[in-house]
Each structure stands twice: as structure tokens, then as C-alpha cells.
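Taking it in order: structure first as C-alpha cells, then the write-up.
Number of protein chains: 2
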Amino acid sequence: MLYAVVMSSALPPFPKPQEPLEPPRLLEVESAPDEPCLRADAARNRARLLEAAARLIAEHGVAGVTMEAVAAAAQVGKGTVFRRFGDRNGLLTALLDHSARQLQADFLGGPPPLGPGAPPLERLRAFGVAVLYRSAEQLDLQLAAQPEPARRFSHPSVQALRTHVAMLLRQIVPTADCELLSQTLMASLDPALIHHLTRQCGMPMHRLESGWHDLVARLTGTEWSG
Amino acid sequence: MLYAVVMSSALPPFPKPQEPLEPPRLLEVESAPDEPCLRADAARNRARLLEAAARLIAEHGVAGVTMEAVAAAAQVGKGTVFRRFGDRNGLLTALLDHSARQLQADFLGGPPPLGPGAPPLERLRAFGVAVLYRSAEQLDLQLAAQPEPARRFSHPSVQALRTHVAMLLRQIVPTADCELLSQTLMASLDPALIHHLTRQCGMPMHRLESGWHDLVARLTGTEWSG
DNA sequence: AGGCTAAGCGGACCGTGGTCCAGTTTCATT
DNA sequence: AATGAAACTGGACCACGGTCCGCTTAGCCT
Chain Z
5 MLYAVVMSSA
15 LPPFPKPQEP
25 LEPPRLLEVE
35 SAPDEPCLRA
45 DAARNRARLL
55 EAAARLIAEH
65 GVAGVTMEAV
75 AAAAQVGKGT
85 VFRRFGDRNG
95 LLTALLDHSA
105 RQLQADFLGG
115 PPPLGPGAPP
125 LERLRAFGVA
135 VLYRSAEQLD
145 LQLAAQPEPA
155 RRFSHPSVQA
165 LRTHVAMLLR
175 QIVPTADCEL
185 LSQTLMASLD
195 PALIHHLTRQ
205 CGMPMHRLES
215 GWHDLVARLT
225 GTEWSG
Chain D
5 MLYAVVMSSA
15 LPPFPKPQEP
25 LEPPRLLEVE
35 SAPDEPCLRA
45 DAARNRARLL
55 EAAARLIAEH
65 GVAGVTMEAV
75 AAAAQVGKGT
85 VFRRFGDRNG
95 LLTALLDHSA
105 RQLQADFLGG
115 PPPLGPGAPP
125 LERLRAFGVA
135 VLYRSAEQLD
145 LQLAAQPEPA
155 RRFSHPSVQA
165 LRTHVAMLLR
175 QIVPTADCEL
185 LSQTLMASLD
195 PALIHHLTRQ
205 CGMPMHRLES
215 GWHDLVARLT
225 GTEWSG
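So the sequences go chain by chain: Z and D. Under my numbering, the first residue of the first sequence is numbered 5, with each subsequent residue one higher. Under my numbering, the first residue of the second sequence is numbered 5, with each subsequent residue one higher.
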């Protein structure tokens with residue numbers, strides 16, 4: 005299996021490393037047919053790079069994903085990798101993009117309790133569990149893809165999740181500072197934290213799950229006995 | 005002003021980069037007279053390095069703190085910097101060490117409401133505010149000193165803070181999973197998050213402060229009107 | 001004082017992320 | 001089909017973090 009040829013951000017020319025990267029664009033999740041306008045050769049190379057990266061991960065773990073190694077494995081110049089993905093983080097993120105889109109689609113338009121239709125509290129609870137397990141599955145990659153501190157929270161995909169949480173929160177506790185509260189909730193689902201708790205502190209996943217339910221209950225002032 | 009000549013971890017020989025770094029040692033905060041046994045020349049160089057690093061920060065910002073630059077500025081070999089501080093992170097952390105110890109001393113043995121004497125809830129509230137403002141003061145350095153994701157939570161100084169929070173929580177909500185809850189609370193004080201909220205989202209500090217009080221109130225099931 | 005040894009030193013060396021730009025390819029236009 | 005410009009390519013190049021190892025030196029022991 006190889007990672008789909010989709011990505012969340014098209015990189016402008018090159019000269020300038022462009023900061024804003026692109027707005028969240030919550031609404032067109034499953035629509036965009038890959039990179040809209042990408043020259044044929046560019047698209048081909050992109051696919052080869054992603055495939056090569058995936059192969060390298062499978063063989064040598066995330067640490068084996070060196071920009072040079074990927075370029076070599078895809079029989080492409082190093083510059084091309086950087087042009088396409090911006091930096092190492094961009095490449096790793098692209099690898100995660102498929103599942104990120106999946107998750108987004110699930111809670112935006114999927115079946116309840118994750119998707120619309122269930123009461124907000126239910127959705128919020130389900131959301132945390134979903135994120136928790138998704139992260140747990142791809143921990144290494146998630147960890148390695150973590151950008152430098154300053155950008156951790158501004159990444160579009162992270163923003164999208166947080167915005168969704170804020171939206172749910174507003175329906176549950178309209179009087180609270182939901183922006184802030186949503187940040188806290190998201191912070192408690194940080195892959196690095198999950199890694200620490202499960203791998204370094206030895207907590208089982210079900211404890212994190214209970215923790216999430218408890219946390220949500222406390223923050224929203226609802227009841228929960230677990 | 006230059007950063008005091010203290011540091012939280014003595015580095016073993018060199019050959020092995022030693023993982024465990026050192027236990028939290030919560031109790032001897034103000035006691036240790038700097039590095040206990042350090043050869044005269046080593047101690048001198050250490051001081052010169054810290055001073056040089058501080059100077060570089062003042063002049064060129066954190067980004068200017070290159071290991072080579074520091075070595076050169078201190079008129080010392082590059083290898084010496086690494087031997088003394090392990091890596092760039094260690095150096096940056098050493099720069100922060102003074103204020104970290106200060107904070108620790110304050111909540112372990114200082115006057116209420118931070119120190120013992122005040123009711124736990126009071127202390128917890130004060131604790132968050134203290135951490136908040138301390139981080140805000142040294143944001144750049146705190147950000148730059150943030151280690152790779154996997155170690156973020158295992159750093160002794162972070163552990164110490166979290167343990168303290170857990171202790172307070174146990175007194176306030178004995179039936180809760182205080183370990184987990186304390187992680188959440190600490191996560192909401194993450195320097196990277198503070199940076200994001202204040203510098204990128206433009207939130208004023210007082211809003212974060214209110215947010216903390218509100219968060220504590222909700223988590224502990226106590227009242228608060230702000 | 002002299003000598004012994006572990007601790008400390010320093011700078012050459014390496015790998016990796018990231019940049020640059022001259023040359024090449026694609027493709028819309030005619 | 002020819003053409004021109006925008007987009008893409010590739011590999012030489014750079015800076016920085018980090019390692020290694022032969023040499024020096026502090027500080028103890030006699």
C-alpha cells in the first residue's frame with residue numbers, strides 16, 4: 005500500500021518559503037482531486053517520492069527517512085524533494101495527510117457519534133477517542149512530523165481539529181471561553197504526550213481513554229462515572 | 005547581568021551520552037553549591053561559556069546561539085561545549101536553570117499562596133499564574149530550549165512541576181486520576197502554546213490568566229466567577 | 001619536587017537539513 | 001510545428017549540530 009497522492013498545501017514558486025501555507029479549508033475535504041494543477045512530471049515525481057519515503061519508513065523506521073535517501077530512492081534530485089514538500093516536516097506531514105483527511109471527513113460528514121447527528125457532547129467524547137487511537141497507531145510518524153514549537157499549533161490540520169472542538173464546545177458550554185478550552189483539550193491529545201504516557205509511563209490506552217472522558221465531563225460540567 | 009553558574013545535571017564522562025540525566029531531586033533545591041566536583045579549569049570554562057551564550061542572546065537573539073559561536077566567544081574548543089552541556093538543548097536549559105530553581109524554591113518553600121501554608125486550591129491557582137508569567141518573560145529561550153518531542157515530558161524540571169501539580173490535585177480532588185489531570189494542566193501551560201496564543205492569536209496575558217483560573221475551577225469542580 | 005592518572009581540551013571530521021541557480025522540460029499559444 | 005516563458009530539476013554548496021581521539025593539564029600521592 006502506498007500513501008495517496010494528496011497533500012494539504014501546494015507550495016508557491018520556491019524563492020520565498022511562504023509562511024501562511026494555506027487556510028484550513030474545512031469544507032472541501034474529500035473533494036480536491038489531489039494537487040489541482042501540477043505539471044505531469046512534477047506529479048509523477050511527487051508520487052515516487054511519497055512511495056519511496058513510505059518504503060524507507062517500512063525498512064528503516066522514521067529515522068531512516070533522510071531527505072537525501074528519499075531523493076535517491078526515488079531517483080530524483082535532492083532539490084526536488086525540498087521544492088515539493090518544503091522541508092522534512094512537509095514530507096512527513098504529507099505522509100500523514102491521508103489519514104488526517106479521513107479523520108476530518110469522519111467528524112465533518114461521517115456517521116454519528118463522530119459525525120453530525122449525535123448530540124455535541126457525544127461527538128466530543130467520540131472525537132477524543134478517535135484522535136487518541138489514530139495518534140497511537142502512527143505514533144512514530146506523528147512524533148517525527150512534529151514541527152518546531154512555534155508552528156506546532158498553526159499547522160492547518162491541527163487548526164482544523166481545534167476549530168471543530170471549539171465548535172462543539174460552544175454548543176455544550178456557550179458561556180465559556182471555548183477558544184481557550186479547546187486548546188487545552190487538544191493539548192491533552194498531543195501525540196508527544198500520548199507517547200510519553202504510554203511508552204514512558206506505561207499507561208494503557210484505556211486509561212487515556214477514561215482520562216479523556218473524565219476530562220470532558222469535568223470541563224463541561226456534565227456527569228460521568230467511569 | 006549574567007546567568008548564574010548552576011546547572012541541573014552533571015554529565016558523566018562523555019563516551020556515553022547517558023539517557024537518565026538525573027532524578028528530579030525535588031528536595032535539595034537551594035542547597036547544591038553549583039557543580040560539586042568540577043576541575044578548576046572546567047568550572048572556569050563553564051562559566052565563560054554561559055556568559056558568552058548570554059551575551060550572544062542579548063546581541064543576536066536565540067538564533068545567534070550557535071555552538072561554534074559560543075565556543076569561539078568563550079575562547080574555548082567546540083568539543084568543550086558539548087562535553088559540558090551535552091547538546092544545544094543542554095546549554096539553553098542551563099541558561100534557564102536559574103529561574104527554574106527559583107520557581108521551584110518558591111512553590112516548595114516560599115511564602116503563600118505559592119508556597120505551603122495556603123489551601124491547595126489557592127496554591128494551584130497561584131502556581132499556574134506564576135508559570136504563565138515566567139514563561140512569558142523568557143518565551144524565546146523557553147521555545148528554543150524545547151527538546152525533541154519525545155523528551156519534552158521527561159525532562160526533570162518539567163517532571164518536577166508536574167509532580168507538584170499532581171500533589172496539589174490529590175489534596176483537592178482525591179478521587180480523580182490526578183496523574184493524568186496534572187498532565188493536562190501542565191500541557192495548557194506549555195510555552196509553545198503560550199507563544200501561539202499571545203503572539204500568533206494576539207490574546208492578552210490576562211485572558212490566559214483567566215483561562216487558567218477557569219480551567220482549574222472546572223477541573224476541580226469548584227466555583228469561580230471571572 | 002616529581003610523577004602518575006583521570007579529567008578535560010580542542011579542532012578536524014562527518015552527516016543532515018536546507019539553499020541556489022544554471023540548465024531542462026512542459027505546455028499553452030500561435 | 002514552432003516558440004517562448006513558466007515551472008521544474010538536480011546536484012554542488014553551505015551552516016550547523018554532533019562525534020572522535022590524540023594531546024594537555026590539574027591535582028593527588030609519594
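Where is the CB? At the ideal position from N, CA and C, for every residue including glycine.
Item: Under 9 Å from the C-beta of Gln150(D): neighbouring residues of chain Z; Value: Glu152, Pro153
Item: Contacts that His199(Z) makes with chain D (C-beta to C-beta distance below 9 Å); Value: Pro153, Ala154, Phe157
Item: CB contact flag (Gly206(Z), Asp181(D), <7 Å); Value: no
Item: Chain D contact residues for Gly215(Z), given Cβ-Cβ distances below 7 Å; Value: Asp181, Leu184
Item: Sequence-distant residues of the same chain with beta carbon closer than 8 Å to Leu99(D), five excluded per side; Value: Tyr7, Leu54, Ala57, Ala58, Ile61, Leu145, Ala149
Item: Helix, strand or coil at Pro195(D) [DSSP, three-state]; Value: helix
Item: Any alpha helix (DSSP H) of 4 or more consecutive residues that is wholly inside the region 61 to 139 of chain D; Value: 71 to 77, 82 to 89, 92 to 113
Item: Sequence-distant residues of the same chain with beta carbon closer than 6 Å to Pro28(D), five excluded per side; Value: Its pLDDT being 33, under 50, Pro28(D) is placed unreliably in this model, and the value from its coordinates should be taken loosely. Cβ within range, chain order: Pro160, Gln163, Ala164.
Item: Distance, Val220(Z) Cα to Pro17(D) Cα; Value: With a pLDDT of only 44 at Pro17(D), under the threshold of 50, the placement of this residue in the model should not be trusted, and no figure is reported.
Item: Nearest neighbour of Phe111(Z), chosen from Leu96(Z), Leu95(Z), Val133(Z) [CA to CA]; Value: Val133(Z)
Item: Short Cβ contact (7 Å threshold) for Thr71(D) with Arg92(D); Value: Per the sequence shown, the amino acid found at residue 71(D) is Met instead of Thr. Against a cut-off of 7 Å, the Cβ pair of Arg92(D) and Met71(D) comes out as a contact.
Item: Within-7 Å CB hit, His210(Z) to chain D; Value: no
Item: Partner residues on chain Z for Thr188(D), Cβ-Cβ distance less than 9 Å; Value: Thr188, Leu189, Ala191, Ser192, Leu197, Gly215, Leu219
Item: Proximity of Val177(D) and Thr226(D) at Cβ, strictly below 7 Å; Value: no
Item: Under 8 Å by beta carbon: chain D residues contacting Gln79(Z); Value: Within 8 Å Cβ-Cβ: nothing; Gln79(Z) doesn't reach chain D, min ~31 Å.
Item: As assigned by DSSP and simplified to three states, the class of Cys205(D); Value: coil
Item: Spatial neighbours of Leu147(D) in its chain, beta-carbon cut-off 7 Å, leaving aside the 5 residues before and after; Value: Pro195, Ala196, His199
Item: Beta-carbon gap between Leu189(Z) and Leu136(Z) smaller than 7 Å; Value: no
Item: The alpha helix (DSSP H) enclosing Asp144(D), as first and last residue numbers; Value: 143 to 148
Item: CB of Thr84(D) within 7 Å of CB of Asn49(D), strictly; Value: yes
Item: Length of the line joining the Cα atoms of Ala232(Z) and Val169(D); Value: Missing from the structure shown is residue 232(Z); chain Z here goes from 5 to 230 and no further.
Item: Whole-angstrom distance between Leu193(Z) and Gln187(D), CA atom to CA atom; Value: 11 Å
Item: Test: Gln175(Z) CB closer than 7 Å to a CB of chain D; Value: no
Item: Pair within 7 Å by beta-carbon distance, Leu172(D) and Leu128(D); Value: yes
Item: Interface flag, Leu143(Z) vs chain D, CB-CB below 7 Å; Value: no
Item: Span separating the alpha-carbon of Phe157(D) from that of Arg52(D); Value: 30 Å
Item: Which of helix, strand or coil DSSP assigns to Trp216(Z); Value: helix
Item: Secondary structure of Arg50(D), DSSP reduced to three states; Value: helix
Item: Residue-chain proximity (Ser229(Z), chain D), Cβ-Cβ < 7 Å; Value: no
Item: Residue span of the alpha helix (DSSP H) that contains Thr167(D), given as start and end; Value: 160 to 176
Item: Interface flag, Gln204(Z) vs chain D, CB-CB below 7 Å; Value: yes
Item: Local Cβ density within 10 Å of Ser229(D), reported as buried at 16 or more and exposed below that; Value: exposed
Item: Any non-hydrogen atom of the ligand NAP within 6 Å of Arg129(D) CB; Value: Within the structure as shown, the ligand NAP is missing, as the structure has no ligands at all.
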